[in-house]
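Undergrad: Structure in structure tokens, see below.
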Amino acid sequence: MSSLLPKAGRRCPRCGAAPVLETPGHRVLGLQAHGLTHRAIAGRLGWSSDTVGALAGQARQQLGAATAVQAVDIACRTGLLVPPPGDPLVAARVTGGQLTAFEPITRGLSHQECAKVLRVGTATVGSHLRLLYHRIGARTAAHAAYLLHGLRRLPSGHPCRCPGRGTVDAPAVTAPAIRLAPVGR
Numbered sequence: 011m012s013s014l015l016p017k018a019g020r021r022c023p024r025c026g027a028a029p030v031l032e033t034p035g036h037r038v039l040g041l042q043a044h045g046l047t048h049r050a051i052a053g054r055l056g057w058s059s060d061t062v063g064a065l066a067g068q069a070r071q072q073l074g075a076a077t078a079v080q081a082v083d084i085a086c087r088t089g090l091l092v093p094p095p096g097d098p099l100v101a102a103r104v105t106g107g108q109l110t111a112f113e114p115i116t117r118g119l120s121h122q123e124c125a126k127v128l129r130v131g132t133a134t135v136g137s138h139l140r141l142l143y144h145r146i147g148a149r150t151a152a153h154a155a156y157l158l159h160g161l162r163r164l165p166s167g168h169p170c171r172c173p174g175r176g177t178v179d180a181p182a183v184t185a186p187a188i189r190l191a192p193v194g195r
């Protein structure tokens, strides 16, 4: 697992900016990307849950991320985390509606905010996300972001605001690309 984590402070190949992460924070972020909770990370590393939470918060702050999911997304896009290539058969099982529900989550939105942007109910967003996590074998939302990057199903555009290059390459989430239908039980 740790062999997949490049050294902290690797420079952005596009703009030269260094998304500097302290080694412990980078380690916590990598373990979150692999689906471990703060409690599991604390147990594995012999640290307190408070220490893990503080390191995760520092990593998010250094990456300019609001959530762990967004931090993993940014880390994958900048090369700080490099997920292994995923199985094409698994990638084929992921639907457009599931990705439409998940992409705003990678931008730091909550389920409620995502539902508002997509103009659907929170329960519909939750249903699509549960199915997505089940299909790809994700334990957490951060793990799902990591796996979806490995499957090449999330945008890989450069996430930072490079000096003189305008805004983020990823498209803004303003309206759904695919209409979400209620998921039957």
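So the sequence shown is numbered by my numbering: it starts at 11 and just counts up by one.
Beta carbons: idealized from backbone N, C-alpha and C, even for Gly.
1. Just to confirm, is the Cβ distance from L39 to V100 under 9 Å?
2. Along the chain, where does the alpha helix (DSSP H) that runs through L128 open and close?
3. Would you call H36 buried or exposed, if buried means 16 or more other Cβ atoms sit within 10 Å of its Cβ?
4. Tell me which residues share the same chain as Q68 and place their Cβ nearer than 6 Å to its Cβ, disregarding the 5 neighbours each side in the sequence.
5. Would you say H153 and C86 are within 9 Å of each other, going by their C-beta atoms?
6. Give me, in chain order, the residues of the same chain whose beta-carbon lies closer than 8 Å to that of D60; leave out the 5 immediate sequence neighbours on both sides.
7. Hey, would you say A148 sits closer than 9 Å to A78, going by beta carbons?
8. Would you report the Cα separation of L90 and L46, rounded to the nearest angstrom?
9. Thinking just about the alpha-carbon of each residue, which of A155, V92, A76 and G167 is nearest to the one in F112?
10. Considering only the alpha carbon of each residue, which of Q72, V104, Q42 and W57 lies closest to H138?
11. Please return the same chain residues whose Cβ sits closer than 6 Å to the Cβ of Q122, not counting the five positions on each side in sequence.
12. Quick check on the DSSP output: the alpha helix (DSSP H) that includes R37 runs from which residue to which?
TA: Here's the rundown:
1. V100 sits away from L39, with the two beta carbons spaced by 9 Å or more.
2. Per DSSP, L128 is one residue of the alpha helix (DSSP H) stretching across H121 to L128.
3. Classified as buried, H36 has 16 or more neighbouring CB atoms from the shown chains inside 10 Å of its CB.
4. Taking Q68 as the centre and dropping the five residues before and after it, the same chain places the C-beta of G35 closer than 6 Å to its C-beta, in chain order.
5. By the CB criterion at 9 Å, H153 and C86 fall outside the cutoff.
6. If we look at D60 and ignore the five residues flanking it on each side, it has no Cβ neighbours.
7. Taking 9 Å as the Cβ cut-off, A148 and A78 do not qualify as a contacting pair.
8. One C-alpha to the other measures close to 18 Å.
9. F112 has its Cα closest to that of A155, out of A155, V92, A76 and G167.
10. Out of Q72, V104, Q42 and W57, V104 has the C-alpha closest to the C-alpha of H138.
11. T132.
12. Taken as a continuous stretch (DSSP letters only), the alpha helix (DSSP H) holding R37 covers T33 to A43.
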